[in-house]
Amino acid sequence: MSPEPADRQEYNITAYTENQVGLLNRIAIIFSRRKINIESLNVSPSEIEGIHRFNIVIVETEEVVEKLAKQIEKQVEVLKVYFNPNEDVIWQEMALYKVPTDIIAEKVLVERLLRENGARAVVIRKDYTVFETTGHREETDNLIKALQPYGLIEFVRSARIAIIKASDGFHHKLQEFERREPGEEVAENEFLNDREQVFTM
Amino acid sequence: MYQNQAATAPAAPTLAPTTGAVATLQALVAEGVDTIFGYPGGAIIPIYDALYDFREQLNHVLVRHEQGGIHAAQGYARSSGRVGVALATSGPGATNLVTGLADALIDSTPLVCITGQVFAHLLGTDAFQETDIINITTPVTKWNYQVTRAEEIPEALAKAFYIARSGRPGPVLVDITKNAQMQTFDAPEYAPCTHIRSYRPAPVVRKEYIEQAAALINSAQRPFILWGQGVVLGKAEREFQEFVEKSGIPAAWTILGVGALATGHPLNVGMLGMHGNYGPNVLTNECDVLIAIGMRFDDRVTGRLDKYAKQAQVVHLDIDPTEIGKNVKTTVPVWGDCKETLPLLTALVEPRQHEAWLARFNDYAAQEVDAVIREELFPTSEELTMGEVMQQLNEITGGEAVIVSDVGQHQMVACRYARQNQSRSHVTSGGLGTMGFALPAAIGAKFGAPHRPVVAVIGDGGFQMTIQELGTIMQTGVDVKIIILNNQFLGMVRQWQELFHQRRYSFVDIQSPDFVAVAAGYRIAGQRVDARDALRPALEKMLAHPGSFLLEVMVTKENNIFPMVPQGCSVAEIRLR
Numbered sequence: 045m046s047p048e049p050a051d052r053q054e055y056n057i058t059a060y061t062e063n064q065v066g067l068l069n070r071i072a073i074i075f076s077r078r079k080i081n082i083e084s085l086n087v088s089p090s091e092i093e094g095i096h097r098f099n100i101v102i103v104e105t106e107e108v109v110e111k112l113a114k115q116i117e118k119q120v121e122v123l124k125v126y127f128n129p130n131e132d133v134i135w136q137e138m139a140l141y142k143v144p145t146d147i148i149a150e151k152v153l154v155e156r157l158l159r160e161n162g163a164r165a166v167v168i169r170k171d172y173t174v175f176e177t178t179g180h181r182e183e184t185d186n187l188i189k190a191l192q193p194y195g196l197i198e199f200v201r202s203a204r205i206a207i208i209k210a211s212d213g214f215h216h217k218l219q220e221f222e223r224r225e226p227g228e229e230v231a232e233n234e235f236l237n238d239r240e241q242v243f244t245m
Numbered sequence: 163m164y165q166n167q168a169a170t171a172p173a174a175p176t177l178a179p180t181t182g183a184v185a186t187l188q189a190l191v192a193e194g195v196d197t198i199f200g201y202p203g204g205a206i207i208p209i210y211d212a213l214y215d216f217r218e219q220l221n222h223v224l225v226r227h228e229q230g231g232i233h234a235a236q237g238y239a240r241s242s243g244r245v246g247v248a249l250a251t252s253g254p255g256a257t258n259l260v261t262g263l264a265d266a267l268i269d270s271t272p273l274v275c276i277t278g279q280v281f282a283h284l285l286g287t288d289a290f291q292e293t294d295i296i297n298i299t300t301p302v303t304k305w306n307y308q309v310t311r312a313e314e315i316p317e318a319l320a321k322a323f324y325i326a327r328s329g330r331p332g333p334v335l336v337d338i339t340k341n342a343q344m345q346t347f348d349a350p351e352y353a354p355c356t357h358i359r360s361y362r363p364a365p366v367v368r369k370e371y372i373e374q375a376a377a378l379i380n381s382a383q384r385p386f387i388l389w390g391q392g393v394v395l396g397k398a399e400r401e402f403q404e405f406v407e408k409s410g411i412p413a414a415w416t417i418l419g420v421g422a423l424a425t426g427h428p429l430n431v432g433m434l435g436m437h438g439n440y441g442p443n444v445l446t447n448e449c450d451v452l453i454a455i456g457m458r459f460d461d462r463v464t465g466r467l468d469k470y471a472k473q474a475q476v477v478h479l480d481i482d483p484t485e486i487g488k489n490v491k492t493t494v495p496v497w498g499d500c501k502e503t504l505p506l507l508t509a510l511v512e513p514r515q516h517e518a519w520l521a522r523f524n525d526y527a528a529q530e531v532d533a534v535i536r537e538e539l540f541p542t543s544e545e546l547t548m549g550e551v552m553q554q555l556n557e558i559t560g561g562e563a564v565i566v567s568d569v570g571q572h573q574m575v576a577c578r579y580a581r582q583n584q585s586r587s588h589v590t591s592g593g594l595g596t597m598g599f600a601l602p603a604a605i606g607a608k609f610g611a612p613h614r615p616v617v618a619v620i621g622d623g624g625f626q627m628t629i630q631e632l633g634t635i636m637q638t639g640v641d642v643k644i645i646i647l648n649n650q651f652l653g654m655v656r657q658w659q660e661l662f663h664q665r666r667y668s669f670v671d672i673q674s675p676d677f678v679a680v681a682a683g684y685r686i687a688g689q690r691v692d693a694r695d696a697l698r699p700a701l702e703k704m705l706a707h708p709g710s711f712l713l714e715v716m717v718t719k720e721n722n723i724f725p726m727v728p729q730g731c732s733v734a735e736i737r738l739r
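Quick note, the sequences are listed as chains A and B, same order. The numbering of the first sequence is my numbering, which starts it at 45 and goes up by one. The numbering of the second sequence is my numbering, which starts it at 163 and goes up by one.
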């Protein structure tokens, strides 16, 4: 393992793409080629029909993430890529826990535990019950630890989904993309955003 | 699958029943393709069957190996400035394209490769000659797409050509299943692709960056231009020359940029990089403003990055935003097509002459002549040198030939010493360093520039990697002159073993066949030269010969290429010996 530079942290990469076979691989190899592990990956339809949204979480420095984001956006079928540290996004993960029903039924403690963690029963059968929670990693992790002594049978957690706090969504941007002569925002020179870091007279 | 993907002109009302195979070839004709390089096989037979009726419009060059086919397409694209087209069958035919795709991607060469694929219903069944070429080629293509229905073909190919040649050019691959080639469908009139909503090949140029760049350049005392293939790809040679001449700034080139400004131009101070010229390397670390135009700061150009031009403010003109700030921190990013940005910049820079600064380049050049170049080009030793072959060739051709070089010592000699009067005069494998590139690329280069002499300069090692393409020369009668610079070693590796591995010559003493006899077997004329007095007449004979000619020149075995920036050293630590 390489030593961790101090400024590595979790980044949320959001990519708006066409819904095209093979694009997942094209994006995934941008990371694997550089031996960067994807911590979490979610692909789903966006607010716009036909446009997909990738949520990718990696632990890297800002400099590396910025270069990766540019490489992803360079792909022909990618419309736009954003990258944000955790404080810029609202994010959730969902977890499912399968627990023996008899234990839950008998132990008041477990029932309270589930309530405290905001867990909701999805399925209740004679042999087992499936609970679901949503939250940050630490929250879903806590419940695993708490349930472990009570015969947790199975556990699964989803990828992270994240909404960018400052985003206005993609509807108006897409209209610009569809035009041959797009307006300023889509045709933006991305380097304008780095104005302070670049030369000024 | 394709609705809303690409905007094309409204389909013409005329629909004609057409097979996918015919539609494929109609698309090529509509895109202005005149030459294709290919090799038939089971999964592409329907396209070859249709090709039989397109022989008048499409000149199909039958190569001897698919790697030869794609390198030929690269040579065609590089000498002509048009999109190269290669055809291959599924499975091994398709995988043989991979080296060429990787080479074309890193060297930004526009290619459309069409591969046959097994029937759609057999995909994923390990069918005969089935391979997952889409996933295999994803890392080495700008874009790729698998067609499984004939109706997709016109639009897929329209996109393919648009993507290959626009923005930063690159290779694309379209994989067509056999059923799609055979299906009949009502084909609309072919409509070229001009817009893909998710793809922005031409960034909008922002004036404020041009202004900032011009201000920085105007304030510079020791400005230095580095240019690369972007100038050639942008067809901006004239705009570039006007910028250089008005600003009076010394300019040096990467090996793919060579010739965009003639090698004899007074402001052309030479080649960059590991085996580049002395002055450009040393003075990179003394300039105050570095103006990089259409180049990507490859590690062979920069040497040790943390000691590269740290004193300089950097202006970087590039069409690809991922290149800006990728390796070298940029002060002023000028994102755009240099055909557009250079004239804007030229208008704002002050006319100047940097005589004292330019004189420093010339001082270093004189030192290099004394230490390296004179003995290389006009040797006093008995044995022939690679450099004198290039020097003699220059004198005969006057710098008008298209030089196609392979990879290794002879490549560095060819790049350093070939005189080039115009752009698109040197085809070489730059980024990937593909041995075996030159012979097939020279064939393609001749088809791309039929009125110019094409001279392939190849080492004894690289020549044997694609030697089978002599068969293509024989069959097509294409006029390619071949010079083999034979030092009886894999010379560049031997040089590194000598300099950095205590002369442990591990598996570099390659034996060769009698190349002239091999050529004769392919009915190609040839001659072998090992004495100085025979060299000039042999070169003259080769160039005057009607048709192809192979000239094998036996050169000194253990010559080293200098100057050299050893790996891990800064450009200022370049060694003259």
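Where is the CB? At the ideal position from N, CA and C, for every residue including glycine.
An exposed status is given to valine 191(B), since fewer than 16 other beta-carbon atoms sit within 10 Å of its beta-carbon. Take the alpha-carbon of glutamate 54(A) and the one of isoleucine 102(A): they are about 6 Å apart. Put simply, of Asn583(B), Thr197(B), Phe402(B) the residue whose alpha carbon is nearest the alpha carbon of valine 245(B) is Thr197(B). Closest in alpha carbon position to isoleucine 379(B), among Tyr470(B), Leu263(B), Gln475(B), Ala364(B), is Gln475(B). Listed along chain A, the residues sitting closer than 9 Å to lysine 488(B) by beta-carbon distance are Lys111, Lys114. Contact of glycine 213(A) with chain B is not assigned, every C-beta pair being separated by 9 Å or more. Counting of Cβ neighbours within 10 angstroms places glutamine 383(B) among the exposed residues, the total staying below 16. Under the DSSP assignment, lysine 217(A) falls in the alpha helix (DSSP H) whose first and last residues are 215–222.
Comparing C-alpha distances from valine 420(B) to each of Thr446(B), Gly441(B), Leu388(B), Ala681(B) shows the shortest one belongs to Leu388(B). Between the alpha carbons of glutamate 735(B) and methionine 726(B) lies a distance of about 9 Å. For valine 122(A), the neighbours in chain B by C-beta distance under 7 Å run, in chain order, Ser360. Measuring C-alpha to C-alpha distances from tyrosine 352(B) to each of Glu631(B), Thr559(B), Ala185(B) identifies Ala185(B) as the nearest. Interface criterion met: the Cβ of leucine 218(A) is under 9 Å from a Cβ in chain B. Any Cβ of chain A closer than 9 Å to the Cβ of isoleucine 379(B) would place that residue at the interface, and such an atom is absent. If the five residues before and after glycine 195(A) are omitted, its C-beta is found closer than 6 Å to the C-beta atoms of Pro144, Ile147, all from its own chain and listed in chain order.
Contact between the stretch 691–705 of chain B and the stretch 539–552 of chain B is present, with at least three C-beta pairs closer than 8 Å. Assignment of alpha helix (DSSP H) within the stretch 458–503 of chain B, counting only whole runs of 4 or more residues, yields 461–464 in chain order. At a C-beta separation below 8 Å, lysine 304(B) has these neighbours in chain A: Val120.
Taking the CA atoms as reference points, isoleucine 358(B) sits about 51 Å from valine 715(B). Buried is the label assigned to aspartate 269(B), since at least 16 other Cβ atoms lie within 10 Å of its Cβ. With contacts defined as CB atoms closer than 9 Å, alanine 183(B) and alanine 212(B) qualify as a contacting pair. Scanning chain A for C-beta atoms nearer than 8 Å to the C-beta of isoleucine 325(B) yields Val120, reported in chain order. Taking a contact as a CB-CB distance under 8 Å, the pair isoleucine 645(B) and valine 617(B) counts as one, their CB atoms being some 6 Å apart. Under the DSSP definition of a beta bridge, proline 728(B) lacks any partner.
Counting along the chain, no beta strand (DSSP E) covers glycine 456(B), and no H or E run does either. Between leucine 507(B) and valine 496(B), the CB-CB gap stays under 9 Å. Between valine 733(B) and threonine 464(B), the beta carbon gap of about 7 Å places them in contact (Cβ cut-off 8 Å). The DSSP-derived three-state label of glycine 432(B) is strand. Residues Ile605, Lys608 of the same chain have their beta carbon placed closer than 6 Å to that of valine 640(B), with the five preceding and five following residues left out of the count. In this model, alanine 320(B) and phenylalanine 290(B) are separated by some 30 Å (Cα to Cα). Look at the stretch 289–301 of chain B: the residues with a C-beta under 8 Å from a C-beta of chain A are Ile296, Asn297, Thr300, Pro301. Taking C-beta separations shorter than 6 Å and ignoring five residues to either side along the sequence, the partners of glutamine 689(B) in its chain run Ala700, Leu713, following chain order. In the structure shown, tyrosine 579(B) falls within a helical segment according to DSSP collapsed to helix, strand and coil. Taking the Cβ atoms as the reference, glycine 570(B) lies roughly 25 Å from glycine 683(B), outside the contact range of under 8 Å. Valine 225(B) is not a Cβ neighbour of glutamine 374(B), given a cutoff of 9 Å. Between cysteine 355(B) and glutamate 313(B), the C-beta gap is not smaller than 9 Å, which leaves the two residues out of contact.
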